[in-house]
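Note sheet for the following structure.
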Amino acid sequence: MKSALEEATRLGLDADPMPLKKHGWFNYQHAEAAIVPLLKGAKVIIEIGAWMGLSTAWFVDQGMKVVSVDHWKGSPEHQKGAGRFDSHRVLPTLYEQFISNLVRKMIASHVFPMRMSSKEFFGLPVTSQPRADLIWIDGDHTYEAVREDIVGALDYWCRPRVAGDDYAIDGVKRAVTEVASDRGIAVGHGHGKWWFEW
Ligand SMILES: C[S@@+](CC[C@H](N)C(=O)[O-])C[C@H]1O[C@@H](n2cnc3c(N)ncnc32)[C@H](O)[C@@H]1O
């Protein structure tokens, strides 16, 4: 696994990063209120869906190493014509922006980008899958995609805790509650975040 710092060097962004761009959806106050207890004793987190690294930076601030899984192509809602904002405009350089932001914040050595879809990541041989204490799900928010991510996370080889963002989105809530019911797991939620209780 290569760190974001190694990626920055490979891309020539270590000495000349893009200007910092603070765009994302992760709410730090809500995270502090809802998920700090989930992180107790955790050292490594796998996040599905990193965008420009807002959530990534918060997890690093909590003292964690972060494995960021994202294809950096944007979710369905970020594509041209679908977005509420002009999010599609940033897609061509989204990965470079993510790496640059980490360099600017001087946290690139704490982050390990895995540039692939979550499906590809969960399909990797176990020898290529990092050990983690928590998998955080904030990728594609459609019902089918969230369901696949949750199942991949629950079946992950080292049995990390599983939690995610955007419980208020219908597809997310439905996927979370259905899988929880199928598997007999209790769900906790608050401040828009959700987690499986165990
Ligand atoms: C809502 S954004 C993540 C927001 C981010 N956590 C933050 O703090 O602002 C969703 C991200 O998931 C990524 N994504 C969407 N579908 C994906 C998939 N199937 N596999 C991996 N990443 C995906 C997109 O490229 C996008 O960067």
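So in my numbering, spot 75 of the sequence shown is number 758, and the numbers just go up one at a time.
Built from N, CA and C at the ideal position, the CB exists for glycine as well.
The structure displayed is predicted, hence computed values, not measured ones.
Beta-carbon proximity check, residue i vs residue j, cutoff 9 Å
{"i": "VAL786", "j": "VAL750", "result": "no"}
{"i": "LYS876", "j": "ILE718", "result": "yes"}
{"i": "GLY854", "j": "PHE805", "result": "no"}
{"i": "HIS872", "j": "GLN712", "result": "no"}
{"i": "SER792", "j": "ALA687", "result": "yes"}
{"i": "LEU721", "j": "ARG844", "result": "yes"}
{"i": "LEU774", "j": "LYS802", "result": "no"}
Residue i versus residue j: straight-line alpha-carbon distance, rounded
{"i": "GLY707", "j": "ALA846", "result": "18 Å"}
{"i": "VAL794", "j": "SER864", "result": "34 Å"}
{"i": "VAL743", "j": "ILE790", "result": "7 Å"}
{"i": "LEU703", "j": "TRP741", "result": "16 Å"}
{"i": "GLU880", "j": "GLY695", "result": "43 Å"}
{"i": "GLU689", "j": "THR776", "result": "18 Å"}
{"i": "ARG866", "j": "THR810", "result": "26 Å"}
Local Cβ density within 10 Å of residue i, reported as buried at 16 or more and exposed below that
{"i": "MET797", "result": "buried"}
{"i": "GLY732", "result": "buried"}
{"i": "PRO700", "result": "buried"}
{"i": "VAL752", "result": "buried"}
{"i": "MET747", "result": "buried"}
{"i": "ASP838", "result": "exposed"}
{"i": "ALA698", "result": "exposed"}
{"i": "ALA869", "result": "exposed"}
{"i": "GLY822", "result": "buried"}
{"i": "TRP840", "result": "exposed"}
Check: residue i C-beta below 8 Å from any heavy atom of ligand 3
{"i": "THR739", "result": "This structure does not include ligand 3; its bound ligands are ligand 1."}
Alpha helix (DSSP H) runs contained entirely in the region 824 to 874, provided each spans 4 or more residues: Correct list: 826 to 837, 853 to 866.
Any contact of the region 728 to 738 with the region 778 to 795, i.e. 3+ C-beta pairs under 8 Å? Between the region 728 to 738 and the region 778 to 795, the count of C-beta pairs closer than 8 Å reaches three or more; the two stretches touch.
Between the region 803 to 821 and the region 760 to 775, can you find at least three pairs of beta-carbon atoms closer than 8 Å? Taking a cut-off of 8 Å for Cβ pairs, the region 760 to 775 and the region 803 to 821 do not touch, as fewer than three such pairs fall below it.
Are there three or more Cβ pairs, one per stretch, closer than 8 Å when the region 825 to 834 is compared with the region 847 to 860? Flag = yes, the region 825 to 834 and the region 847 to 860 touch.
Are the region 805 to 816 and the region 753 to 768 in contact at 8 Å, needing three or more beta carbon pairs? With the cut-off at 8 Å, the region 805 to 816 and the region 753 to 768 do not touch.
Beta strand (DSSP E) segments (min. 3 residues) lying fully within the region 697 to 743: Uninterrupted beta strand (DSSP E) stretches at least 3 residues long and entirely within the region 697 to 743 occur at 727 to 731, given in chain order.
What residue ranges within the region 750 to 787 form continuous alpha helix (DSSP H) runs of no fewer than 4 residues, ordered along the chain? DSSP runs (the alpha helix (DSSP H)) wholly in the region 750 to 787: 777 to 787.
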